[in-house]
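A.B. asks:
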Amino acid sequence: SRESAIVPTTVAMKRVVLDQFQDLSGWGAFASGQAELHISQDRGPDGAAMRLDFDFKGSGGFVVARRLFSLSLPDAYAFRFNLRGDAPRNKFEFKLVDPTGKNVWRYQQEAFDFTSDWQPLLIRSSQMEFAWGPAGGGRMTAVGAIEFVITAGPGGKGTVWIGDLQFEDRSFASQPTVTASSAASGHEPRCAVDRQRESSWRSTPSAAPQWLLIDLEGEHEY
Numbered sequence: 001s002r003e004s005a006i007v008p009t010t011v012a013m014k015r016v017v018l019d020q021f022q023d024l025s026g027w028g029a030f031a032s033g034q035a036e037l038h039i040s041q042d043r044g045p046d047g048a049a050m051r052l053d054f055d056f057k058g059s060g061g062f063v064v065a066r067r068l069f070s071l072s073l074p075d076a077y078a079f080r081f082n083l084r085g086d087a088p089r090n091k092f093e094f095k096l097v098d099p100t101g102k103n104v105w106r107y108q109q110e111a112f113d114f115t116s117d118w119q120p121l122l123i124r125s126s127q128m129e130f131a132w133g134p135a136g137g138g139r140m141t142a143v144g145a146i147e148f149v150i151t152a153g154p155g156g157k158g159t160v161w162i163g164d165l166q167f168e169d170r171s172f173a174s175q176p177t178v179t180a181s182s183a184a185s186g187h188e189p190r191c192a193v194d195r196q197r198e199s200s201w202r203s204t205p206s207a208a209p210q211w212l213l214i215d216l217e218g219e220h221e222y
């Protein structure tokens, strides 16, 4: 197994290509117990792909393909990549490790259906759940490493191909428009979305129902 130096990444556009797998020297193969994982290069739908050949040797455990990245995360984001496989329906996990290496967030799907045809997989920030670490939860703000993980259900052996890993910034392009039925002095509607913990929107005392309307001016994840 091997592990390269950090690969700096900046998000200057809405979508950034993180890895087209033309150079696999940064990816390290890790496995538990008797399991084995071999990483090699193969053909993808639009260029190169990373090929993962694994064998659980009749037992359980997991195999991991891991690479170091340095990536700041906005409020809303998504990762996308192409995927195909000739493998049993084991658990598939996509993990983000923070720069300390101690806190992990993940997307996981039990009994993943690996198809022989390439399929695009989009993983949104709302699908990333805290897995473990001293942070105890909350929103992830920075990535130190990315992992593709296959965890034994039925186990066995197989091959999975991954191509064209991309990152999308899905945060709001502008401040949303906020209106309300009423507002107390110093607690205007805009205070509900100004990112300040000390500020807040409060309605004036009234027997009538009060409301707050936030217009994101389009479909967004939040």
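Just so we're aligned: 12 in the working numbering is position 12 of the sequence shown, and the numbers increase by one with no gaps anywhere. Using N, Cα and C, we set each Cβ at its ideal position, and we do this for glycine too.
Could you please give me the residues that DSSP links to phenylalanine 81 through a beta bridge?
C.D. replies: Looking up residue 81 in the sequence shown gives position 81. Looking at the DSSP assignment, phenylalanine 81 forms a beta bridge with Leu121.
A.B. asks: With distances taken from CA atoms, which of Asp194, Pro176, Gln166 is nearest isoleucine 123?
C.D. replies: By 1-based counting over the sequence shown, the position of residue 123 is 123. For the residues Asp194, Pro176, Gln166, the minimum Cα distance to isoleucine 123 belongs to Gln166.
A.B. asks: Just list the residues that DSSP pairs glycine 218 with in beta bridges.
C.D. replies: Within the sequence shown, the letter at position 218 stands for residue 218. None; glycine 218 has no bridge partner.
A.B. asks: Going by CA-CA distance only, name the one from Ser174, Lys95, Ser181, Thr177 that's closest to phenylalanine 69.
C.D. replies: The residue labelled residue 69 in the question sits at position 69 within the sequence shown. Among Ser174, Lys95, Ser181, Thr177, the Cα nearest to that of phenylalanine 69 is on Lys95.
A.B. asks: Which stretch, first to last residue, makes up the beta strand (DSSP E) that contains aspartate 164?
C.D. replies: Taking the first residue of the sequence shown as position 1, residue 164 is located at position 164. 157-169 is the span of the beta strand (DSSP E), which, as asked, contains aspartate 164.
A.B. asks: Near glutamate 110, which residues of its chain fall below 6 Å by C-beta distance, leaving aside the five closest residues on each side in sequence?
C.D. replies: As a working note, residue 110 is residue 110 in the sequence shown. Correct list, in chain order: Lys91.
A.B. asks: Can glutamate 217 and lysine 14 be called in contact, C-beta distance under 9 Å?
C.D. replies: Residue 217 sits at position 217 when you count from the first residue of the sequence shown. Residue 14 sits at position 14 when you count from the first residue of the sequence shown. No, the Cβ-Cβ distance between glutamate 217 and lysine 14 is not below 9 Å.
A.B. asks: Rounded to a whole number of angstroms, what is the C-alpha to C-alpha distance between alanine 142 and asparagine 103?
C.D. replies: For the purposes of this step, residue 142 is taken as the residue at position 142 of the sequence shown. For the purposes of this step, residue 103 is taken as the residue at position 103 of the sequence shown. Straight-line Cα distance between these residues: approximately 11 Å.
A.B. asks: Taking tyrosine 77 as the reference, which of Ser200, Phe114, Ser206, Ser171 has the closest Cα?
C.D. replies: The residue labelled residue 77 in the question sits at position 77 within the sequence shown. Tyrosine 77 has its Cα closest to that of Ser171, out of Ser200, Phe114, Ser206, Ser171.
A.B. asks: With DSSP as the reference, label serine 126 as helix, strand or coil.
C.D. replies: For the purposes of this step, residue 126 is taken as residue 126 along the sequence shown, with counting starting at 1. In the structure shown, serine 126 sits in a helix (DSSP, three-state: H, G or I).
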